[in-house]
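Chains as they are written, first to last, in the UniProt record's numbering: chain Y, 1 to 286; chain D, 1 to 286; chain S, 1 to 286; chain G, 1 to 286. For every residue, glycine included, the Cβ atom is placed at its ideal position computed from N, Cα and C. Computed from a prediction, not measured in an experiment: that's the story for all the values here. Since the structure comes first, as structure tokens, the remarks are kept for the end.
4 protein chains.
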Amino acid sequence: MHKDRFYTLTASCPDRVGIVARVSGFIAEHGGWMLESSYHADDMDGRYFMRIEIKADSLPFNLTELQQRFRPIATEFAMDWQMSDSAAQKRVVLLVSKQEHCLYDLLARWQSKELDIEIPCVISNHDDLRGFVEWHGIPFHHVPVTTDNKAAAYAEIARLFHEARGDTMVLARYMQILSPELCRAHPGRILNIHHSFLPSFVGAKPYHQAYQRGVKLIGATCHYVSEELDQGPIIEQDVIRIDHSDSVEDMVRYGKDIEKTVLARGLRYHLEDRVLVHGNKTVVFR
Amino acid sequence: MHKDRFYTLTASCPDRVGIVARVSGFIAEHGGWMLESSYHADDMDGRYFMRIEIKADSLPFNLTELQQRFRPIATEFAMDWQMSDSAAQKRVVLLVSKQEHCLYDLLARWQSKELDIEIPCVISNHDDLRGFVEWHGIPFHHVPVTTDNKAAAYAEIARLFHEARGDTMVLARYMQILSPELCRAHPGRILNIHHSFLPSFVGAKPYHQAYQRGVKLIGATCHYVSEELDQGPIIEQDVIRIDHSDSVEDMVRYGKDIEKTVLARGLRYHLEDRVLVHGNKTVVFR
Amino acid sequence: MHKDRFYTLTASCPDRVGIVARVSGFIAEHGGWMLESSYHADDMDGRYFMRIEIKADSLPFNLTELQQRFRPIATEFAMDWQMSDSAAQKRVVLLVSKQEHCLYDLLARWQSKELDIEIPCVISNHDDLRGFVEWHGIPFHHVPVTTDNKAAAYAEIARLFHEARGDTMVLARYMQILSPELCRAHPGRILNIHHSFLPSFVGAKPYHQAYQRGVKLIGATCHYVSEELDQGPIIEQDVIRIDHSDSVEDMVRYGKDIEKTVLARGLRYHLEDRVLVHGNKTVVFR
Amino acid sequence: MHKDRFYTLTASCPDRVGIVARVSGFIAEHGGWMLESSYHADDMDGRYFMRIEIKADSLPFNLTELQQRFRPIATEFAMDWQMSDSAAQKRVVLLVSKQEHCLYDLLARWQSKELDIEIPCVISNHDDLRGFVEWHGIPFHHVPVTTDNKAAAYAEIARLFHEARGDTMVLARYMQILSPELCRAHPGRILNIHHSFLPSFVGAKPYHQAYQRGVKLIGATCHYVSEELDQGPIIEQDVIRIDHSDSVEDMVRYGKDIEKTVLARGLRYHLEDRVLVHGNKTVVFR
Chain Y
1 MHKDRFYTLT ASCPDRVGIV ARVSGFIAEH GGWMLESSYH ADDMDGRYFM RIEIKADSLP
61 FNLTELQQRF RPIATEFAMD WQMSDSAAQK RVVLLVSKQE HCLYDLLARW QSKELDIEIP
121 CVISNHDDLR GFVEWHGIPF HHVPVTTDNK AAAYAEIARL FHEARGDTMV LARYMQILSP
181 ELCRAHPGRI LNIHHSFLPS FVGAKPYHQA YQRGVKLIGA TCHYVSEELD QGPIIEQDVI
241 RIDHSDSVED MVRYGKDIEK TVLARGLRYH LEDRVLVHGN KTVVFR
Chain D
1 MHKDRFYTLT ASCPDRVGIV ARVSGFIAEH GGWMLESSYH ADDMDGRYFM RIEIKADSLP
61 FNLTELQQRF RPIATEFAMD WQMSDSAAQK RVVLLVSKQE HCLYDLLARW QSKELDIEIP
121 CVISNHDDLR GFVEWHGIPF HHVPVTTDNK AAAYAEIARL FHEARGDTMV LARYMQILSP
181 ELCRAHPGRI LNIHHSFLPS FVGAKPYHQA YQRGVKLIGA TCHYVSEELD QGPIIEQDVI
241 RIDHSDSVED MVRYGKDIEK TVLARGLRYH LEDRVLVHGN KTVVFR
Chain S
1 MHKDRFYTLT ASCPDRVGIV ARVSGFIAEH GGWMLESSYH ADDMDGRYFM RIEIKADSLP
61 FNLTELQQRF RPIATEFAMD WQMSDSAAQK RVVLLVSKQE HCLYDLLARW QSKELDIEIP
121 CVISNHDDLR GFVEWHGIPF HHVPVTTDNK AAAYAEIARL FHEARGDTMV LARYMQILSP
181 ELCRAHPGRI LNIHHSFLPS FVGAKPYHQA YQRGVKLIGA TCHYVSEELD QGPIIEQDVI
241 RIDHSDSVED MVRYGKDIEK TVLARGLRYH LEDRVLVHGN KTVVFR
Chain G
1 MHKDRFYTLT ASCPDRVGIV ARVSGFIAEH GGWMLESSYH ADDMDGRYFM RIEIKADSLP
61 FNLTELQQRF RPIATEFAMD WQMSDSAAQK RVVLLVSKQE HCLYDLLARW QSKELDIEIP
121 CVISNHDDLR GFVEWHGIPF HHVPVTTDNK AAAYAEIARL FHEARGDTMV LARYMQILSP
181 ELCRAHPGRI LNIHHSFLPS FVGAKPYHQA YQRGVKLIGA TCHYVSEELD QGPIIEQDVI
241 RIDHSDSVED MVRYGKDIEK TVLARGLRYH LEDRVLVHGN KTVVFR
């Protein structure tokens, strides 16, 4: 992360000659200083992806005007695009259950400003982690989920996320499956950490499945939530070595270390606008 | 690998008090020097596994007599057991197709004596690698496999393996599926390298599957061949990081590096009697 | 970790025939159930190492009597040995400065009982983390260290550690160099996490050193503290990939993830009596 | 690697506004199709680096004319730059001693066209690997090196490299230290694989040094050779886990797997013009 304030342009469009020239020409013309720029051509689909950081004070106008002036180019190239401002903190709502490893990890990063975000609230289906969250000065909402109240519970979560003006929802080992409506409403904005190396061991109890199959590595996957369980676009994955002497309980313990690291990395890529969704896959400009 | 000649005992039996005491007591009583010893208790199944290396010249008798004298203990504890002699080179038959990376890798290890084995022959469904194999002084058998001649071809492979007095068959990127009869005839003695991190991407074209799913790591799996495709006990696995910029061809290229390394590690564990099969899983005493 | 209460024997002695037989024979004779056992022969130095877990309720007597009865064997084989009881929680004193990542990580593990220890107190040369520590119900001692008061400060730390009846001291990114007296007084009982892959980049600002040298991986090292800076026996290490685009600040950020993971692993090995010091090296029975 | 013929521009220059705009504008103006483009700004040194692949047949002229037309821009921005043609195979001279693992690995990659290079000859201070090299149809030169003939030997190597019109020299576990003259004559064109994770364990017998220090990971480093031993710019590194049970011989064996992989990766980056040297460091556009 650069210390100076910057604007980040992310865009994708059909590939053709002159995209970089046009975009970088536009930026240079206004004196824009590019701090970082990344490009990717998907040869299979003929689509072009880019991410550019422009130093804010190198431009003679603000983000709104930058967007206005860029619009004709975006239209000309049929771009899906967005621009963000590094000075505008993202608002990230965390959903947790009883396990604390991801929550402690994220709050440590938030506390030390490694994650430069607002956490307007934490939502949980259990009340266990209230004290820890509230000690950090963050509001905590207990929204129990039972077989009978699911619709109401998810409506309440949607309401809290809306009320909190959330940008991003993070399922930090939240042990419930969100409703299809909720998933559909926020594509590319809900991150989950799944405790297996997807596509292996979809669904419940992946460490039990891994134990049964006798794999020699276990993993974790950070992905965007889509309507189909554990099938959304993968952002980040990692694995850790195990062996025959490890029980399911050992795997659960090792797995936590991977889960929190992979979630933190995936979340950072997302927050820094490094992730561009492309169908059910992602381009991640690290 | 120890330089001195040694005998390796591998055994498994129902767990109970006194197994190690009885076995190590027997060895000590004859002056046997244990170079290396490993034990594992499977708490779920109540089964005990062990592997012990005994320096050959510390014993006053040879392997045959050692086996005879050990038999009563094995019977008393209801052991599945075997003993091998580090001086008796294993006879490993390699099966290849057209890709050379695993073959070059294994022959380099054999040439340098890192793999202290006999390779009585290499069998292939293509003739491409004949020259390379024969330059190393190893007989090469071309056994074409077509949709029509499968039964005959597999019978010929079985015959060649038998004739070569093979201990172990290694499918070093052999692009054919062995017959169920062949698999059944040599349980725990045919090793395959599958070019995915199993259980993800079973069967054909795993790199294409990985590309479609957008995973961030690809892997390889060395396993014993069983009748069911890619379902046998896993011996070793590893992964390598990829990203959105990698095409299927890039994955194939990266994958080769993992495939040959994982196969070489798995094969070494097997040859040093470090792998004990337990149902569809393995205990690997590294 | 096994759920049943167990005693752990760790021992090393000159290598000879019959060590395992004698020790396991002794255990079996009293009906002792071995949950886990590991052995290592150092061929260079002719020294033998072992670690055995015995189920407590399989023995007809308690730990004290077990120790008494074992003593003659230990004497016979000239063993360095100790026995511990899984029911006796270790008392771990944490030393921190201002950085919170290792502290959050360790307290998350302690909170979830993954680390089954007592933390009688946290000591720091800064007051910043007091609130977080005290929220967890753990006493916090602020012991400022200046160029002038070093001797008094270290005496105070020694006093607090003694008063807390500490078994183990953990420097969880404590940015001061302990006094030689303190190091000498607790060999094999003070763990440090150094933010480089030792022996590269000893001393101050290792990430700056790594940046200057242009390495492609950075690491962290958990080691026992000895009198010579960053030269003590290494318990655990790991690395993470970086590239030319990473600034020193990026390395610091990535490094934290490695530091906390490596410290947690090293500490767990230590607490479970899996680490046997051998000269300036360690045997780690994972 | 793209299948279509392309030209690769690599350049570095003082950082300022408009570099990408100017370069990509020039390319677009002639209809140039950018297959891949990577940029890096070194904020500490204020220097900008880039690498661009342009599809050859998208341009209306050949490489020579492209270079001519680009020259004014290069001058304007004070660039260090070069352009290469993917159709022009690089000529890589290998230097080996007795160990074959890197040689087998590189020749397997060359044989399968993974490495699309010419190998005009292999030079060795021993005659052992002649047969293997010549079987591949590659000339082999035996240039013995003794304490007395060093100057003459290195002159002969220089002559052979010149005669072979070599672009790149690869020390594939060549166990001699090249003369300062030879190193000076070919900066950024001689690659070495050192069998440690530099800067740890410079010089001779790094595995012995690693064993003595008791590290828990060993590594390998691919770097450009400079006059100072093992101090040149690092291109690629990797590590592998070891433990207390591994002897120096085991490390040597594990190390080989890392050495050949790291050398192959580093060499590929170099051959694809992905490595830009910057002082004693490298920018590697993977």
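Quick check on residue i: buried or exposed, where buried means 16 or more other Cβ atoms within 10 Å of its Cβ?
i: S:Pro199; result: buried
i: G:Gln68; result: exposed
i: Y:Met44; result: exposed
i: Y:Glu249; result: exposed
i: Y:Gln82; result: exposed
i: S:His219; result: Note that residue 219 of chain S corresponds to Gly in the displayed sequence, not to His. Classification of S:Gly219: buried, given that the 10 Å Cβ count is 16 or more.
i: Y:Asp148; result: exposed
i: D:Lys113; result: exposed
Per DSSP, what kind of secondary structure is residue i in: helix, strand or coil?
i: S:Met251; result: helix
i: S:Ile190; result: strand
i: D:Trp33; result: coil
i: Y:Phe201; result: coil
i: D:Val262; result: helix
i: D:His223; result: strand
i: G:Ala241; result: Note that residue 241 of chain G corresponds to Arg in the displayed sequence, not to Ala. Three-state result, G:Arg241: strand.
i: D:Phe285; result: coil
i: Y:Glu228; result: coil
i: S:His270; result: helix
i: G:His195; result: coil
i: G:Cys276; result: First, the amino acid is wrong: residue 276 of chain G is Leu here, not Cys. If DSSP states are grouped into helix, strand and coil, G:Leu276 belongs with the strands.
i: G:Glu118; result: strand
i: D:Leu217; result: strand
i: Y:His101; result: helix
Give a yes or no on whether 7 Å exceeds the smallest Cβ distance from residue i to chain D.
i: Y:Arg213; result: yes
i: S:Val284; result: no
i: S:Ala28; result: yes
Does the beta carbon of residue i sit closer than 7 Å to a beta carbon anywhere in chain G?
i: D:Thr261; result: yes
Quick one: list the residues of chain G neighbouring residue i, beta-carbon separation under 7 Å, in chain order.
i: S:Lys216; result: Ile234, Glu236, Gln237
i: Y:Gly25; result: Ala21, Gly25
i: S:Asp243; result: Val284
Is there at least one Cβ from chain S nearer than 7 Å to residue i's Cβ?
i: D:Tyr39; result: yes
Starting from residue i, find everything on chain D with Cβ-Cβ shorter than 9 Å and list it in chain order.
i: G:Gln68; result: The contacting residues do not exist; G:Gln68 stays about 31 Å from chain D at best.
i: Y:Ser247; result: Asp43, Met44
Could you tell me which chain S residues have their CB closer than 9 Å to the CB of residue i, listed as they occur along the chain?
i: D:Glu36; result: Tyr39, His40, Ala41
i: Y:His195; result: In chain order: nothing, as chain S lies at least about 15 Å away.
In chain S, which residues lie with their C-beta within 8 Å of the C-beta of residue i?
i: Y:Tyr104; result: Tyr104, Asp105, Leu107, Ala108, Gln111
i: D:Gly32; result: Val17
Quick one: which chain D residues come within Cβ less than 8 Å of residue i?
i: G:Arg253; result: Glu114
Could one say the Cβ of residue i lies closer than 7 Å to chain Y's Cβ atoms, at least one of them?
i: S:Trp135; result: yes
i: residue 291 of chain G; result: As displayed, chain G neither begins before 1 nor continues past 286, which places residue 291 of chain G out of reach and without an answer.
List the residues of chain G that residue i touches, going by C-beta distances under 8 Å, in chain order.
i: D:Asp257; result: Thr261, Ala264
Residues of chain Y with CB closer than 8 Å to the CB of residue i, please, in chain order.
i: S:Glu272; result: Simply none; closest approach about 12 Å.
Identify the contact partners of residue i in chain D, using a Cβ-Cβ distance below 7 Å as the criterion.
i: Y:Asn280; result: Gly214
Cβ closer than 9 Å: which chain G residues qualify as neighbours of residue i?
i: D:Glu100; result: Ala108, Gln111, Ser112
Name the chain B residues that come within less than 7 Å of residue i, Cβ to Cβ?
i: S:Pro199; result: You won't find chain B in this structure, because its protein chains are Y, D, S and G.
In chain order, which continuous runs of the beta strand (DSSP E) of length 3 or greater are located wholly inside the region 149–174 of chain Y? 168–171
So within the UniProt domain "ACT" (8–97) of chain D, which uninterrupted alpha helix (DSSP H) runs reach at least 4 residues, ignoring any that extend past its ends? 19–29, 63–76
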